[in-house]
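Just so you know, the sequences run in chain order A and B. Quick note on our numbering: the first sequence kicks off at 1 and runs consecutively. Quick note on our numbering: the second sequence kicks off at 1 and runs consecutively. The beta carbon of each residue, even a glycine, is placed where N, CA and C say it ideally should be. Please read these numbers as outputs of a predicted model, since none were measured by experiment.
2 protein chains.
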Amino acid sequence: MPTASIGPELQRLIDLLAKMPGLGPRSAKRAALYLLKKREPVMRPLAFALEDAAQKVKACAVCGNWDSIDPCAVCADDERDASLICVVQDVGDLWALERAGAHKGRYHVLGGLLSPLDGIGPDDLNMGALIARAKEEAVKEIILALPATVDGQTTAHYLTEHLEMSGVNVTRLSQGVPVGGELDYLDEGTLAAAMKARRPF
Amino acid sequence: MPTASIGPELQRLIDLLAKMPGLGPRSAKRAALYLLKKREPVMRPLAFALEDAAQKVKACAVCGNWDSIDPCAVCADDERDASLICVVQDVGDLWALERAGAHKGRYHVLGGLLSPLDGIGPDDLNMGALIARAKEEAVKEIILALPATVDGQTTAHYLTEHLEMSGVNVTRLSQGVPVGGELDYLDEGTLAAAMKARRPF
């Protein structure tokens with residue numbers, strides 16, 4: 001093209017939008033056009049919300065959840081069962097469990113998984129704090145809600161070894177057929193695990 | 001859930017991200033988590049770029065293209081053919097034509113299409129300026145690059161009527177089989193149009 005038809009300010013905005021997960025180079029352009037049409041109702045408030053959240057949202061010193069207060073709203077909630085700690089890989093997984101309403105206790109966010117191949121060891125994750133929490137009088141059970149992947153299971157084994165020393169009960173999520181799942185579409189690994197872990201009807 | 005597990009600052013950021021085209025409520029959460037992990041390289045620069053573009057990017061007084069300079073870079077480029085004006089619905093269509101390198105002249109962005117059903121009339125669009133431009137000595141041809149929809153064709157007919165008075169040559173994009181397109185997958189309307197507009201080989 002003879003000259004760049006997109007000015008530098010707009011191009012920089014498009015390049016930054018394109019870095020977000022879910023947006024590619026084309027959808028970033030579409031998003032930029034949308035935002036320019038909604039400057040006052042969306043674009044400016046979004047700029048403010050980004051800067052505001054970047055400043056205020058921090059990892060909770062107790063559990064690693066992201067919140068603007070510390071300890072976070074979940075840790076500060078007295079109605080939650082302090083004897084139950086659910087260990088998750090990431091804040092997104094905490095949100096997923098909260099959405100399901102599946103856990104009424106506290107959480108602990110690791111911030112990742114052990115991954116020898118990527119050079120991620122125990123010191124790179126929020127693990128020391130979990131092992132310290134496990135020794136607290138009130139904590140009775142630690143639920144490992146980690147993904148059923150190689151790294152997830154490596155992390156679960158490592159944590160089980162280090163947590164059982166403190167006498168706490170370590171459990172993990174069950175594996176099996178998803179609710180509403182058709183057997184025909186399930187992979188062999190899940191079917192084999194569901195068969196092995198069969199329970200009386 | 002017992003308490004909201006997402007704080008107000010974070011929730012507002014997610015709600016605003018979810019308004020962008022291409023992002024829904026879930027992908028907005030994923031985007032927010034990604035941004036919080038990349039505060040310095042992406043999140044803060046994005047906040048700045050949004051505010052900066054909201055302030056500086058304006059519609060070009062000549063053609064309606066969005067740029068931080070006025071007249072825009074396309075209008076200010078002397079190497080472009082001033083005798084050819086390509087009329088598009090939106091800035092996104094201008095970018096698409098520039099990507100294709102299909103047009104070496106100037107542009108005119110209408111900012112929408114005539115739509116009697118939605119109550120959009122000629123005065124709601126950037127049409128007066130186009131009719132004035134058509135009367136300029138230098139302008140020889142106006143290419144209507146409008147969508148092949150009912151509203152697009154309504155707008156094209158309206159513009160043709162008003163532009164031909166000024167003696168300028170009005171053309172439109174050809175319709176037919178897309179490059180690389182299989183006949184078997186084409187709709188009947190396109191096939192009929194391609195047959196009707198057949199050309200010597």
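{"query": "DSSP on serine 83 of chain B, reduced to helix/strand/coil?", "result": "strand"}
{"query": "So, under 8 Å CB-CB, glutamate 9 of chain A and serine 68 of chain B are touching, yes? Tell me the CB distance rounded to an integer number of Å.", "result": "5 Å"}
{"query": "According to DSSP, is glycine 181 of chain B helix, strand or coil?", "result": "coil"}
{"query": "Kindly indicate which residue of A:Gly92, A:Cys60, A:Arg26 has the alpha-carbon position closest to the one of tyrosine 34 of chain B.", "result": "A:Gly92"}
{"query": "Which bits of chain B does serine 68 of chain A rub up against, with CB to CB less than 8 Å?", "result": "Gly7, Pro8, Glu9, Leu10"}
{"query": "Tell me whether histidine 103 of chain A sits in a helix, a strand or coil according to DSSP, three-state version.", "result": "coil"}
{"query": "Going along the chain, which unbroken runs of the alpha helix (DSSP H) with 4 or more residues stay wholly within the segment 146-172 of chain A?", "result": "150-164"}
{"query": "Inspect the beta-carbon positions of glutamate 141 of chain A and asparagine 169 of chain A and report whether they are closer than 7 Å.", "result": "yes"}
{"query": "How would you list, in chain order, the residues of chain A whose beta-carbon sits under 7 Å from the beta-carbon of arginine 133 of chain B?", "result": "Per Cβ cutoff of 7 Å: no residues; arginine 133 of chain B is ~18 Å from chain A at best."}
{"query": "Between arginine 106 of chain A and lysine 19 of chain A, what straight-line distance do the alpha-carbon atoms span, to the nearest angstrom?", "result": "33 Å"}
{"query": "Starting from proline 25 of chain B, trace the alpha helix (DSSP H) in both directions and tell me its first and last residue.", "result": "25-37"}
{"query": "Of all Cβ atoms in chain B, is any one closer than 7 Å to the Cβ of glutamate 51 of chain A?", "result": "yes"}
{"query": "What did DSSP end up calling lysine 58 of chain B once you bin it into helix, strand or coil?", "result": "strand"}
{"query": "Sort out for me which residues DSSP pairs glutamate 141 of chain B with in a bridge.", "result": "B:Leu84, B:Asn169"}
{"query": "Let me know if glycine 202 of chain A comes out buried or exposed under the rule of 16 or more other beta-carbons within 10 Å of its beta-carbon.", "result": "This structure cannot settle anything about residue 202 of chain A, because the visible part of chain A is limited to 1 through 201."}
{"query": "Among the residues of its own chain, which have a CB less than 8 Å from the CB of glycine 22 of chain A, if the five just before and after it don't count?", "result": "none"}
{"query": "Does the CB of serine 115 of chain B have a neighbour CB from chain A at under 7 Å?", "result": "no"}
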